[in-house]
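J.:
Protein chains: 2
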Amino acid sequence: MEKSNLIGSIDGALSSSNLLSERGLAYGHGLFETMRLHQGQLPLLSWHLDRLIRDASILSIPLQLPIIERHINDFQRYLRQQKIDNGVVKLIVAAGDGGRGYKNPATIKPRVICVYSDLPQLDHQGVNLWRCQYRLPSNPVLSGIKHLNRLDQVLARNEWTDDLYSDGLMFDQHNQLVETTSANIFLHCPRQGWLTPDLSNAGVSGVMRALLLEEIFPSLAKKVTVTDIDSDRLSGCDHMFICNSVRGLTPVLGFSQDQNLVTLTIGNDVKMLQSALADNYPCFR
Amino acid sequence: MEKSNLIGSIDGALSSSNLLSERGLAYGHGLFETMRLHQGQLPLLSWHLDRLIRDASILSIPLQLPIIERHINDFQRYLRQQKIDNGVVKLIVAAGDGGRGYKNPATIKPRVICVYSDLPQLDHQGVNLWRCQYRLPSNPVLSGIKHLNRLDQVLARNEWTDDLYSDGLMFDQHNQLVETTSANIFLHCPRQGWLTPDLSNAGVSGVMRALLLEEIFPSLAKKVTVTDIDSDRLSGCDHMFICNSVRGLTPVLGFSQDQNLVTLTIGNDVKMLQSALADNYPCFR
Chain A
1 MEKSNLIGSI DGALSSSNLL SERGLAYGHG LFETMRLHQG QLPLLSWHLD
51 RLIRDASILS IPLQLPIIER HINDFQRYLR QQKIDNGVVK LIVAAGDGGR
101 GYKNPATIKP RVICVYSDLP QLDHQGVNLW RCQYRLPSNP VLSGIKHLNR
151 LDQVLARNEW TDDLYSDGLM FDQHNQLVET TSANIFLHCP RQGWLTPDLS
201 NAGVSGVMRA LLLEEIFPSL AKKVTVTDID SDRLSGCDHM FICNSVRGLT
251 PVLGFSQDQN LVTLTIGNDV KMLQSALADN YPCFR
Chain B
1001 MEKSNLIGSI DGALSSSNLL SERGLAYGHG LFETMRLHQG QLPLLSWHLD
1051 RLIRDASILS IPLQLPIIER HINDFQRYLR QQKIDNGVVK LIVAAGDGGR
1101 GYKNPATIKP RVICVYSDLP QLDHQGVNLW RCQYRLPSNP VLSGIKHLNR
1151 LDQVLARNEW TDDLYSDGLM FDQHNQLVET TSANIFLHCP RQGWLTPDLS
1201 NAGVSGVMRA LLLEEIFPSL AKKVTVTDID SDRLSGCDHM FICNSVRGLT
1251 PVLGFSQDQN LVTLTIGNDV KMLQSALADN YPCFR
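Quick note, the sequences are listed as chains A and B, same order.
Position one of the first sequence corresponds to residue 1 (the working numbering), numbered consecutively onward.
Position one of the second sequence corresponds to residue 1001 (the working numbering), numbered consecutively onward.
1. I want to verify the contact list: residues of chain B whose CB lies under 7 Å from the CB of Cys114/A, in sequence order.
2. Quick check on the DSSP output: what are the complete alpha helix (DSSP H) runs of length 4 or more inside the segment 1180–1213 of chain B, in order along the chain?
3. Do Ser60/A and Ile108/A have their C-beta atoms closer together than 8 Å?
4. Of all the options Leu37/A, Ala202/A, His188/A and Trp130/A, which has the alpha carbon lying nearest to the alpha carbon of Ser143/A?
5. Measure the alpha-carbon distance for Asp1163/B versus Asn18/A and round it to whole angstroms.
6. With DSSP as the reference, identify every bridge partner of Ser1015/B, one or two as the case may be.
7. By DSSP, does Asn244/A sit in helix, in strand, or in coil?
8. Is Tyr1134/B close to chain A, meaning its C-beta is less than 8 Å from at least one C-beta of that chain?
9. Quick check on Arg80/A - is its C-beta less than 8 Å from some C-beta in chain B?
10. Kindly indicate which three-state DSSP category Leu1253/B falls into: helix, strand or coil?
11. For a cutoff of 8 Å on Cβ pairs, would you count His174/A as touching chain B?
12. Would you list, in chain order, the members of the segment 146–160 of chain A that have their beta-carbon closer than 7 Å to a beta-carbon of chain B?
13. Give every residue of the same chain whose Cβ lies closer than 6 Å to the Cβ of Cys1189/B, excluding the five residues on either side of it in the sequence, and list them in chain order.
14. Using a cut-off of 7 Å between C-beta atoms, extract the partners of Pro197/A located in chain B.
15. Return helix, strand or coil for Asp1074/B, following the three-state DSSP convention.
16. Helix, strand or coil for Leu1273/B, going by three-state DSSP, please let me know.
17. Quick one: Cα of Thr1161/B to Cα of Tyr281/A, how far?
18. Taking 8 Å as the CB-CB limit, is Pro1137/B close to chain A?
19. As an exercise, report each continuous alpha helix (DSSP H) stretch of at least 4 residues that is fully enclosed by the segment 114–179 of chain A, in chain order.
20. What is the DSSP secondary structure of Asn280/A, counted as helix, strand or coil?
21. Quick one: which chain A residues come within Cβ less than 8 Å of Asp1074/B?
22. Strictly under 8 Å for the Cβ-Cβ distance: is Arg1054/B near chain A by that measure?
23. Under a Cβ-count criterion, where at least 16 other Cβ atoms within 10 Å of its own Cβ denotes burial, should Thr225/A be classed as buried or exposed?
24. In terms of residue numbering, what span does the beta strand (DSSP E) encompassing Ile92/A cover?
25. What three-state label does DSSP hand Gly1098/B in the structure shown?
26. Arg70/A touches chain B at which residues, Cβ-Cβ below 9 Å?
27. Just tell me which of Trp130/A, Gly96/A, Leu199/A and Pro251/A has its CA closest to the CA of Asn260/A.
28. Can you list the residues of chain A that His1029/B reaches, using a CB-CB cut of under 8 Å?
29. Under a three-way DSSP split, which group does Gln39/A fall into?
30. Report yes if the C-beta distance between Gly1008/B and Leu1020/B is below 8 Å; otherwise report no.
31. Along chain A, which residues have their Cβ under 9 Å away from the Cβ of Asn1104/B?
Okay, structure coming up:
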């Protein structure tokens, strides 16, 4: 390991923490995965690693998968030793040292960070969604990637404080529905069936979204159309759920519209999808 | 200070670094300033702090200016003790602990980070600019702010490796010129005079850009128009310079266009502006 010549301070105290030259902090140059820890295991690990590999190349971050797997493994072992079996493991793969200019260092040595947190409150019974005013910018290069530039989500999530709303619907600048601040969206319309927003220009391509599209919907012989969804389509839907890799599938009970709460019923399809997911992945029971 | 219950690892080693719960790393929730250190002083400090105050509120980061000034002051004193008088001081004001969800903590306690680096190579004689393919997304809420979400600049800066080009021209998705990866742009057209891109939808509103617009151009009784600049206007310009708070004003000698290098002359105006800047701020001599 090279010696750091870093001169820095944090809140007035001198520091040579090498995180001070981390491109993840300087520029958000990195990726993250938020993984459900269940009975000491990470049941969706392979899905998370698949996404990580796919996205890392776009940010020019070379991944050595065996090293990442070893660090995750060591961290899981430590958690087990501490009798911590359930919760969330956040994996950050940042672009490493070299925060002095936007140009990548000659060799990017990614830094692998694992952080544990307790499970958030899970709302299997359903949630209400705020309708965010903040609009996601269009970015075909970065769309889909779970990178560390998340000011869009921070600004949107802090539009409301009312606990009635667990999450918020996010739209793009053409008023097309994209996602919530921390989940993907599926909605059912009487005529078109199941729909989920196209993420070509904005949004995070979630692991749970992929798993539902590739495994769970097909297992029930149900079709989903990936498409543009405007406000009219949203208003016309009869069932909706949101999903992410920590919470699984969460029914939507209502969403805000013009100062009102539009209410929805959960519907049999959503219950069937929840059951099928729980059968395959018991952590989401 | 509350005790941290953080459980984390960095590259496999257990860590309780509180940077692991820093929203600046998790989401890029924070701001930065890159300040020229000259003879132990930060000549543009008040300009940087003015911008910081203006932008922090948009990210809901409460600033206690006396605390920030004290940390900067302490850091400068330390550098003087180390006989370090010239270089760059990067100030990061990050949103502090609370990286478990996008929702801001009830009270945001910003973390103030200072990092020193040596002066980069300065090209007072002029530089060539690459024409970046990557397009800046349109974002009227975040435009102008020097926040920590800088993947746009990272992706654009790494399009070229040829040392012929010191920086790159960046355009938005409507092909309007915005800035370079690390500087603002001013260009002179024979008919319209001095122009600089409007930053309402994309770009960083640089301290040096503000200083030139508010102090240096008026001191020479020269007018600048803030406006949209498309590729045609760019092609028609006869002089151009880029500017930032570390390098001051750098003439542009040429820029890439369709595999060619379009060359420019420096022109008397640019020399006069350089002189006026150096007279007022000797660090840019």
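Even glycine gets a Cβ: it sits at the ideal position worked out from N, Cα and C.
T.: Taking the coordinates as given:
1. Here the neighbours are Gly1008 and Ser1009.
2. Note on the segment 1180–1213 of chain B: whole alpha helix (DSSP H) runs with a minimum of 4 residues are 1207–1211, in chain order.
3. Contact annotation: Ser60/A and Ile108/A have beta-carbon atoms nearer than 8 Å.
4. If you compare the alpha carbons of Leu37/A, Ala202/A, His188/A and Trp130/A with that of Ser143/A, the shortest gap goes to Ala202/A.
5. Taking the straight line from one Cα to the other gives about 28 Å.
6. Note: Ser1015/B is bridge-paired with Gly1008/B in the DSSP secondary-structure output.
7. Strand at Asn244/A.
8. So, interface residue.
9. The beta carbon of Arg80/A does not come within 8 Å of any beta carbon belonging to chain B, so the residue lies off that interface.
10. Residue state, collapsed to three classes: strand.
11. It does not; no Cβ of chain B falls within 8 Å.
12. Of all residues in the segment 146–160 of chain A, the ones placed with a Cβ closer than 7 Å to any Cβ belonging to chain B are His147, Leu148, Asn149, Arg150, Leu151, Gln153, Val154, Leu155, Arg157 and Asn158, in chain order.
13. These residues qualify, in order along the chain: Gly1236 and Cys1237.
14. Result: empty, since nearest Cβ-Cβ is about 17 Å, beyond 7 Å.
15. The three-state reading of DSSP puts Asp1074/B in helix, counting H, G and I together.
16. In the structure shown, Leu1273/B sits in a helix (DSSP, three-state: H, G or I).
17. Cα to Cα, the separation comes out at about 46 Å.
18. Between Pro1137/B and chain A, the shortest Cβ-Cβ separation is below 8 Å.
19. Correct list: 151–157.
20. Looking at Asn280/A - three-state DSSP - the assignment turns out to be helix.
21. Those within 8 Å of Asp1074/B in chain A are Ser9 and Gly12.
22. Proximity of Arg1054/B to chain A, defined by a Cβ-Cβ separation below 8 Å, is not satisfied.
23. Exposed, since its Cβ has fewer than 16 Cβ neighbours within 10 Å.
24. Per DSSP, the unbroken beta strand (DSSP E) holding Ile92/A starts and ends at Gly87 to Ala94.
25. Gly1098/B: coil per DSSP, three-state reduction.
26. For a Cβ distance threshold of 9 Å, residue set Gly1012 of chain B lies close to Arg70/A, ordered along the chain.
27. Residue Trp130/A is the option with its Cα nearest to Asn260/A.
28. Those are Arg150, Leu151 and Val154, listed as they occur along chain A.
29. Three-state result, Gln39/A: coil.
30. Their beta carbons are under 8 Å apart, which means Gly1008/B touches Leu1020/B by this criterion.
31. Going along chain A in sequence order, the residues near Asn1104/B (Cβ under 9 Å) are Val154, Arg157 and Asn158.
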